[in-house]
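Worksheet for the structure shown next.
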Amino acid sequence: MATPTVVPIDKIIPHTVKPREDTGLNNVKIGIWLFLASEVMLFGGLFASYILLRVGADRWPRGEEYLSIPWATANTLILIASSVTMVMAWASCIRKDFGKYRLYMGLTVLGGLGFMIIKYIEYTSKFHHGYFPSTNTFLAVYFTLTGLHALHVLSGMIVNLYFWGPGAKMWHTEHERFTNRVETAGLFWHFVDLVWIFLFPILYLL
Amino acid sequence: MSGTSYDQIDVDHHVKIYLRVFAALAVLTVITVAVAELHLAPGWAIALALTIATVKGSLVACYFMHLISEKKLIYALLILAALFFLFELILPFVTENNSLHQIL
Amino acid sequence: MAESEHHDHDHHHEELGFWRKYVFSTDHKVIGIQYAVTGMLFLFFGFCLMMLMRWQLAFPGEPVPLLGKLFPRGLPGGVMLPEFYNELGAMHGTIMVFMGIVPLAVGGFGNFVLPLQIGAPDMAFPRLNMMSYQSFLIGGLIMFGSFFLPEGAAQSGWTSYPPLADIAPSGQTAWLIGMVFLITSSLLGAINFLVTTIQLRADGLSFFRLPFFCWAQFVTSFLLLLAFPPLEAAAFMQLMDRVAGTSFFLPSGLVVSGQALEVSGGGSPILWQHLFWFLAHPEVYVLILPAFGIVAEIIANNTRKPLWGYKSMVYSLIVLGFLSFVVWAHHMFLTGMGTTMSAFFQTTTMMISIPSVIILTALILSLWGGSIRFTTPMLFALGFLPMFGIGGLTGLPLGLTAPDIHLHDTYYVIGHFHYVVAPGTIFALFAGIYYWYPKVTGRHMSEFWGKVHFWPSFVLMNLIFFPMLIQGMAGMSRRMYDGGATYAHNEGVLYLNKVISFAAWGLALAQIPFILNLFLSLRKPKTASANPWRATTIEWAAPSPPGHGNFTRPVAAYRGPYEYSVPGESEDFTPQFEPAKAPVAAH
Amino acid sequence: MHWFLRFPELASEHGARLDHVTVLVHILMLALFIIWGALFIYMIFRFSQKRNPKADHDGVKSHLSSWGEGAVALAEVILLVGFSIPLYSERVDDLPPAEDSVVVRVIGEQFAWNVHYPGPDGVFGETRVDLVDLQTNPIGLNRDDPAAADDVVTLNQLHLPVGKPALIYLSSKDVIHSFGIPEMRVKMDAIPGMLFPVWFQPIVTTEEMRQRTGDPDFNYEIACAQLCGLGHYRMKGFVTVHTQEEFDAWMAEQQRLKEEAGEVDDFWT
Ligand code: HEA
Ligand code: HEA
Ligand code: CUA
Ligand SMILES: [Cu+2]
């Protein structure tokens, strides 16, 4: 009767790695998509607010009156590129090429870092010009939306950094599970990219 | 992607697609910016910019996020989310009588 | 999280230390209990706030006995300040809804029962589950702590309408930050519940074999998942308004106390209301669906027959979930809405009442032909039905714009929703506590004291909330610090304030048998068998209380959830988890 | 059929129809509650373990309940289409023509109602935020505007003639308030930055109502229905419904007072 050690619970839970037959999916995959669905609703609420405020405004400035299109274009390209390196990192997992994986994952993190640095430059230059969230509704929307997005980039970077560094231990112990994790992190990262793809024209170009 | 065992995935083929998608995205980004420089009438500008953004977004979702070959369950979920997202976007349009801006 | 190397020497076969076992546990059962206990404490706290308010409403301006010294800020000399009354009101609403019922009904019952009912060893993401609870706890503590801020807690109603909330004292900021944590907690929880239900069902447990409780939790989780983010967005925006000086919800040119407000303006106060109710209407179904689920389980068990119309109930649940996203503006009929919009939202509101009618009717008709056992859980479940009936029915005049002109923001609304949440949901939760207590603790609660709890509660609940409907009909506005005494048109119904207050304090006394029963039963010997109610669903296959990994043998589902009194069977229940005795030819 | 609902006194033209819908809904509710409740109580007794020791696996076999649910749905449709939607649409869309009504602006503030009459010329004087002074000019009336010369501004006092539509434009200076007069069966939020019309036709003068209720101090009250801060509970205004002659006399008196007082406003009560 005495069972001195207890099997850790994650070992008992089914479908953490292998897909369930009828759904064809493993737990994490459904989980991340559900999470992304809620993110869609979060940004949806903000987009809806943006539309409402813009439609109701007497005058709405074009983005370029306040914002730098070149920096933002650069940032768009950086983020897209980092999405590519992210899928490449995943592909390297499947190829079982650890060196490449490290390289691509590292590049992804660096891409995020580049994005954040440019964001920082943009923000500080706004502040230097005396443009604050409180200046007008356009800037309020700009700072809130990009700020929230930047928070997402930051959290994505932290996750990716973890899988680049300490988290990569699992590469050798449970390779398939690790690959799933990279894929999951990737889904989040691509989503962040996707949101930016919409933010860019909406805030900067229109 | 999950469901198919990883050994069966033709990674080289995937990688080729990723690179093509990357190129497309870069080109589309440049196009969006270029179009914005044309200063079209607001209606057209918005329609065009959002169309391009949607195309780009779809590329990311379909290829990077592997939606193109995903399981039915995920599709169902996303359709649901899309539906509720649309409900959300009704929100600004049910706000009538929003025209007065001064207080007195 | 200290890697505690603390060893138990008293022959418990556990390698987990105290901290890992009870505080930072990843076991869904422990987390469920954590949620439930915290939720009950908050319910109790919200109850206390309400009793203070009721003093002021019954005896406006008279010093509160005993408590004056304890709260010098809000009750100088014992006399309540209007600000403090508003704090109590806003926090009573917030605490009851977000920190009482949701954590108890979803966090507590959902966490404990759902994995057991689907035959799973745990939730799909145990660590996420723990984080969800911790996030809830942090949010709750922030809310609770906000009472100790120099200017007190939030005081702009649980709805936090700007501009009032934008210009309110700092308690509002705490409220917003607290809400962000609570929302995060609900999101994490919802993802976990959904994945668990989809992925971890036992063999043979198809969706249409799920107990109704699981269905209710499933739909509830979708509501949490998709309705909360818009409020999160709104909370961020209000936070920006308050902290960074933006004007998302502030129009230009506000003049507060004769001083022009120094903001850029250009925002819309209505925007907040839309985002808030986009959440809060689905949220009220979050409060009621788990209650439906609990009541359904108990009715099937205590009538010894299957639920009547199980499938149509499930479909109604799904329709209810969908529709709940398109009725939100029925809370805003009087914000200058035109004919088209109001017609749309009236119609959807009437439509959403139909699935509720179907579910209620099915639950009532389930009694037909049953052999009803009047156990304590059953009494509460039966009490739930007419109480939800009154609450739901009073929703109808509110859902029609014409009557709503007169009834909006009166005590009629207060009466309406309290009927649904207090003798409704709270009764269902009591029922659930009495029903699953043996599973959770291995011990029985006293039936006698359970009945002593039920009858006075039932009578007093009606004495509290029915008069509110009358007051509302007379035109008495809600959120009145003096209970409406300023207005002449309330004169005829002011005496009811005293009636209600005394009933509310009486209700407090009526909870004493419950609280004692809850705690003292823990000292009884563990006598509960695995299946003390002779029930059919899978949670009763596990030992009481279930150990690590829940089940001692592999479980699978062989039939629908409520096979009671099957003709030809020797017992009046045929558990879902028992293989058929004479194997039927394989398909 | 009003006896079972404790409505406040009724004093507006549309109020009777509004009450009528309310009564109809409550009849529906009552019917449902009684039918379902009777069934419920019957079953509790009939099917207790004592009377029915052995449960029947199948339970109800008839599909009567679907008809019941259908009937509820039908009743709701009738209430919607036949009563509520038309009545509400009249309230918000069929505004009475301005020339046949008394047009008034009501501006809420923490915690009072400012009432602004255009005066005999029927034109509102300009109001500006920068002119607001809490004591002397709470609505920021531009006194240099010729249209403002005969404007009458009162605090918490709304005077209306009986039998003539009152068309009220609502707004607010600070937070959201809600303008409700229970006896008139009107209520509408006053939201800063927005302007909503509310209209109703009083049919009982204050004097008549005093006789009817036997209360010599009776007054119609404007009750704020939306939480607007710590003084929400005491944000009360008064409505005095006059005969047309009395109303005209009141208006003339206000004009006379204005002239007497010159630029100084002394009619703030
Ligand atoms: C759990 C919570 C809950 C539930 C389930 C409901 C259910 C419903 N609610 Fe309620 N509602 C609230 C909680 C809830 N509500 C809250 C908290 C508020 C106020 C928020 C605030 O302002 O602070 C509110 C406010 C509110 C308003 C806004 C009022 C106003 O501010 O002016 C409206 C208007 O349409 C409304 C309508 C409805 C309707 C049509 C239903 C329908 O779904 C009801 C359908 C049910 C039935 C029709 C009952 C059928 C029953 C029988 C047929 C059987 C009878 C049984 C026996 C006799 C045994 N509700
Ligand atoms: C889930 C929601 C919920 C619940 C359960 C309640 C329960 C009660 N509420 Fe509340 N209430 C609201 C949600 C809720 N309320 C909201 C949203 C508002 C609007 C706020 C606003 O205006 O912004 C409101 C406002 C409100 C008002 C109006 C205030 C005003 O407008 O000025 C009043 C007035 O009497 C009131 C009274 C009561 C009473 C008497 C109960 C009773 O039914 C209480 C019964 C409670 C219990 C029976 C709890 C028992 C639990 C235990 C005993 C646990 C013990 C266990 C341990 C200690 C381990 N409530
Ligand atoms: Cu003004 Cu309440
Ligand atoms: Cu609602």
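Sequence order for the protein chains is H, V, S and G. According to my numbering, the first sequence holds residues 373 to 578 in order. According to my numbering, the second sequence holds residues 1293 to 1396 in order. According to my numbering, the third sequence holds residues 41 to 627 in order. According to my numbering, the fourth sequence holds residues 366 to 634 in order. C-beta atoms are modelled at their ideal positions from N, C-alpha and C, and glycine is treated no differently.
- Message: Suppose contacts are defined by Cβ-Cβ distances below 9 Å. Is V/L1383 in contact with S/H314 by that definition?
- Response: yes
- Item | Euclidean distance between Cα positions of G/L383 and S/M501 | 30 Å
- Item | CA-to-CA distance, G/A477 to G/N521, given in whole angstroms | 6 Å
- Message: Can you tell me whether G/A403 is helix, strand or coil according to DSSP?
- Response: helix
- Item | Euclidean distance between Cα positions of S/G306 and S/L263 | 32 Å
- Item | Terminal residues of the beta strand (DSSP E) in which G/R470 lies | 467-474
- Run the proximity test for G/G473: is its beta-carbon closer than 8 Å to any non-hydrogen atom belonging to ligand 3? For G/G473, the shortest C-beta to heavy atom distance toward ligand 3 is below 8 Å.
- Does the Cβ of G/C589 lie closer than 8 Å to at least one heavy atom of ligand 3? yes
- Message: Check whether chain H comes within 9 Å of V/I1360, counting only Cβ atoms and requiring the distance to be less than that.
- Response: no
- Query: Quick one: is S/T78 buried, meaning 16 or more other Cβ sit within 10 Å of its Cβ, or exposed?
  - Reply: Answer is buried; the Cβ neighbour count reaches 16.
- Taking Cβ positions, are S/G114 and S/P105 nearer each other than 9 Å? Not a contact, by the Cβ cut-off of 9 Å.
- Item | According to DSSP, residues forming a beta bridge with G/W564 | G/L532
- Message: Below 7 Å on C-beta distance, what does H/L520 contact in chain B?
- Response: The structure shown contains no chain B; its protein chains are H, V, S and G.
- Query: If you draw a straight line from the C-alpha of S/T224 to the C-alpha of H/V531, how long is it?
  - Reply: 18 Å
- When the distance is taken between beta carbons, is S/A544 closer than 9 Å to S/M91? Taking 9 Å as the cut-off, the beta carbon of S/M91 is found closer than this to the beta carbon of S/A544.
- Residues that V/I1301 contacts on chain H, provided the C-beta gap is smaller than 8 Å: I466
- Looking at the structure shown, is G/A617 part of a helix, part of a strand, or coil, going by DSSP? helix
- Message: Please state whether the Cβ-Cβ distance between S/W489 and S/W408 is less than 9 Å.
- Response: no
- I think G/P567 touches G/M553, with their Cβ atoms under 8 Å apart; what is that distance to the nearest whole Å? 16 Å between Cβ atoms; not a contact.
- For the alpha helix (DSSP H) containing G/G545, list its first residue and its last residue. G/G545 -> not in any alpha helix (DSSP H); beta strand (DSSP E) instead, spanning 542-546.
- Message: Applying the 10 Å Cβ sphere with the 16-neighbour rule, what's the burial state of S/R519?
- Response: Per the 10 Å Cβ criterion, buried.
- Task: May I have the straight-line CA-CA distance separating H/P442 from H/L566, to the nearest angstrom?
- Result: 19 Å
- Could you check what DSSP says for H/K390 in three-state terms: helix, strand or coil? coil
- In the DSSP assignment, what are the bridge partners of G/Y585? G/V604
- Message: Is the separation between the beta-carbon of S/T567 and that of S/A582 shorter than 9 Å?
- Response: no
- Where S/E611 and S/V480 are concerned, what is the direct C-alpha to C-alpha distance, given to the nearest angstrom? 25 Å
- If you drop the 5 nearest sequence neighbours on each side, which residues of the same chain put their C-beta closer than 6 Å to that of G/V468? Taken in chain order, the residues that qualify are L532.
- Message: Given 8 Å as the limit, tell me if S/V367 has its C-beta closer than that to any heavy atom belonging to ligand 4.
- Response: Checking the Cβ of S/V367 against ligand 4 gives yes.
- Item | Cα-Cα separation between G/V388 and S/G185, rounded to whole angstroms | Roughly 46 Å between the two C-alpha positions.
- Item | Range covered by the beta strand (DSSP E) that runs through G/A555 | 551-555
- Taking only beta-carbon positions, decide if H/N398 is within less than 9 Å of chain S. yes
- Task: Tell me where the beta strand (DSSP E) around G/Y482 begins and ends.
- Result: 477-482
- Using the rule of at least 16 other Cβ atoms within 10 Å of the residue's Cβ for burial, across every protein chain shown, is S/Q96 buried or exposed? buried
- Query: Going along chain G, which residues have a C-beta under 7 Å from S/Q386?
  - Reply: L445, S449, I450
- Using three-state DSSP, classify S/L106 as helix, strand or coil. coil
- Item | Other residues of its chain near S/A596: CB distance less than 6 Å, five sequence neighbours each side excluded | A242, D243, G244
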